[in-house]
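The block underneath contains the structure these notes are about, expressed in structure tokens.
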DNA sequence: CATTCTTTCTAACAACTGTTTGGTAGAGTA
DNA sequence: TACTCTACCAAACAGTTGTTAGAAAGAATG
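Residue numbers (UniProt numbering), protein chains in the order written: chain A, 1 to 209; chain B, 1 to 209.
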């Protein structure tokens with residue numbers, strides 16, 4: 001590593017660090033006020049700089065959303081792929097995927113909220129085509145997992161599969177809307193209880209005589 | 001009824017009818033493109049008139065959202081109150097409330113989507129204070145219902161009550177995001193399966209020997 | 001027919017939007 | 001010290017936004 005190269009790397013990582021900071025701020029503002037209701041001046045305000053200064057770091061407001069969402073989705077799918085490759089049974093895979101989802105909510109809360117609220121509108125732009133890809137992949141994964149669960153005898157066969165898919169998908173991700181890191185319940189505890197509800201239901205089990 | 005009064009009523013209802021038409025259009029556009037991303041010109045376009053013409057019927061863009069949301073909430077609470085006053089057991093009440101919710105989604109889909117996506121942001125304005133009231137009332141109703149369910153022995157006692165509340169609330173209402181009237185499943189069928197999932201879980205029940 | 005009333009159009013407005021340009025303070029380097 | 005580079009500011013830009021005022025088309029009414 002020549003000193004020249006170390007410098008270049010140093011400034012590059014410093015720059016990337018600042019980008020990450022600004023993106024974190026932007027994600028927070030986007031999530032709380034809504035993407036299109038948020039002005040770049042509001043994002044800049046929250047970051048302590050002026051509106052135009054954001055354009056030193058980013059091409060456009062859209063590119064901020066782009067980077068926020070793709071970073072989150074990359075991390076999510078990396079986690080998912082690891083789980084899916086572990087060769088677990090359907091029930092254990094399902095549990096692990098749900099747990100990973102809540103870990104993602106914990107780690108990327110504003111990005112998840114942004115994804116939930118705006119992905120449908122953003123996806124109409126070709127730039128955000130990867131949102132549709134992710135959506136399809138998501139559906140494929142869950143439908144496959146549910147079918148496997150039924151085949152393995154661990155999931156009920158009398159329910160409409162696409163409906164169960166939407167049920168689980170929505171159930172898990174909307175939690176980003178109210179979840180607060182450092183709150184009463186940890187992401188892990190929430191995941192556990194959610195799993196219990198989804199798998200066993202909230203009904204009291206009649207005592208087996 | 002004097003002819004004079006009949007005329008006045010006639011024009012009044014005609015006017016109200018036109019308002020309702022325009023509100024239905026506005027709700028659809030708000031729901032599909034997002035409230036703040038929607039321009040009044042887009043709403044007017046969808047209604048076949050020009051942007052400024054909307055202001056003959058409505059004070060502002062905000063007042064359209066206001067009327068859309070309050071109409072929906074009024075209908076919803078009327079239904080809920082009827083159910084709650086019926087004096088049913090906790091389990092039956094829960095089932096009826098869920099069913100009513102899906103009927104509301106069926107009848108007010110765009111309004112529900114609007115409510116889901118924007119109520120959090122809109123509620124910061126004093127004009128939309130009733131959204132917070134509704135939210136509180138909703139929480140109160142569900143927490144009470146869940147507690148009663150546990151007391152009556154029909155619901156599990158080992159789950160975190162506020163978590164179960166959010167679980168049910170979110171689970172039910174997000175369906176507005178993908179539900180399409182006239183689709184493969186009716187609102188009633190979806191309600192039935194949702195209830196089955198929430199109450200009994202999606203896990204296969206081991207055959208009782 | 002003339003008149004009134006309802007609904008829409010035309011044409012603008014001020015404010016705000018995302019974005020660009022050129023300048024500048026300050027740290028790092030030689 | 002002189003130079004360079006990074007990160008920001010200051011000020012503007014063109015387009016869009018919600019909204020308004022006055023005119024006009026057309027139906028209803030007398």
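For every residue, glycine included, the Cβ atom is placed at its ideal position computed from N, Cα and C.
So with Cβ pairs under 7 Å, would you call residue i a contact of chain B?
i: residue 49/A; result: no
i: residue 167/A; result: yes
i: residue 89/A; result: no
i: residue 106/A; result: no
i: residue 163/A; result: yes
i: residue 174/A; result: yes
i: residue 13/A; result: no
At a CB-CB cut-off below 9 Å, which residues of chain A make contact with residue i?
i: residue 72/B; result: Those do not exist, as residue 72/B stays about 19 Å from chain A at its closest Cβ, beyond 9 Å.
i: residue 43/B; result: Per Cβ cutoff of 9 Å: no residues; residue 43/B is ~15 Å from chain A at best.
i: residue 69/B; result: Residues of chain A passing the Cβ test: none, with the nearest at roughly 16 Å.
Could you name the residues of chain B that residue i contacts, counting a contact when the two beta carbons are closer than 9 Å?
i: residue 34/A; result: 34, 35, 36, 37, 117, 118, 120, 121
On the DSSP letters alone, give me the boundaries of the alpha helix (DSSP H) that residue i sits inside.
i: residue 190/B; result: 187 to 200
i: residue 169/A; result: 161 to 173
i: residue 77/A; result: 61 to 84
i: residue 215/A; result: Within the shown structure, residues of chain A are numbered from 1 to 209, placing residue 215/A beyond reach of any answer.
i: residue 132/A; result: 129 to 151
i: residue 45/B; result: 40 to 47
i: residue 50/A; result: Per DSSP, residue 50/A belongs to no alpha helix (DSSP H) and is neither H nor E.
Against chain A, with Cβ distances strictly below 7 Å, would residue i count as a contact?
i: residue 17/B; result: no
i: residue 154/B; result: yes
i: residue 178/B; result: yes
i: residue 195/B; result: no
i: residue 200/B; result: yes
i: residue 170/B; result: yes
i: residue 159/B; result: yes
So who's on the other strand from residue i, going by DSSP bridges?
i: residue 116/A; result: According to DSSP, which records beta bridges pairwise, residue 116/A is partnered with nothing at all.
i: residue 155/A; result: 203/B
For residue i, which of the options has the nearest alpha-carbon?
i: residue 91/A; options: 203/A, 205/A, 198/A, 204/A; result: 198/A
i: residue 178/A; options: 38/A, 37/A, 110/A; result: 110/A
i: residue 172/A; options: 134/A, 121/A, 106/A, 78/A; result: 106/A
i: residue 162/B; options: 152/B, 102/B, 174/B, 144/B; result: 144/B
i: residue 76/A; options: 202/A, 99/A, 48/A, 150/A; result: 99/A
i: residue 21/A; options: 36/A, 44/A, 37/A; result: 44/A
i: residue 94/A; options: 33/A, 205/A, 191/A, 25/A; result: 191/A
i: residue 16/A; options: 42/A, 57/A, 31/A, 33/A; result: 57/A
i: residue 60/A; options: 89/A, 182/A, 26/A, 186/A; result: 26/A
i: residue 141/A; options: 158/A, 39/A, 123/A, 84/A; result: 84/A
i: residue 117/A; options: 55/A, 37/A, 13/A; result: 37/A
i: residue 129/B; options: 88/B, 73/B, 167/B, 148/B; result: 73/B
i: residue 160/A; options: 114/A, 204/A, 147/A; result: 147/A
i: residue 34/A; options: 81/A, 62/A, 114/A, 195/A; result: 114/A
i: residue 32/A; options: 65/B, 185/B, 39/B, 120/B; result: 120/B
i: residue 210/B; options: 63/B, 155/B, 71/B; result: Not covered by the structure: residue 210/B. The range shown for chain B is 1 to 209.
i: residue 203/A; options: 54/B, 103/B, 185/B, 157/B; result: 157/B
i: residue 127/B; options: 18/B, 40/B, 63/B; result: 63/B
i: residue 19/A; options: 39/A, 53/A, 41/A; result: 53/A
i: residue 138/A; options: 152/A, 125/A, 166/A; result: 166/A
i: residue 24/B; options: 150/B, 51/B, 68/B, 87/B; result: 68/B
So which residues on chain A does residue i lean against when the C-beta distance must stay under 7 Å?
i: residue 204/B; result: 153, 154, 155, 156
Going along chain B in order, which residues have a C-beta closer than 8 Å to the C-beta of residue i?
i: residue 190/A; result: 163
By the criterion of Cβ-Cβ separation under 8 Å, what are the contact partners of residue i in chain A?
i: residue 185/B; result: 160, 163
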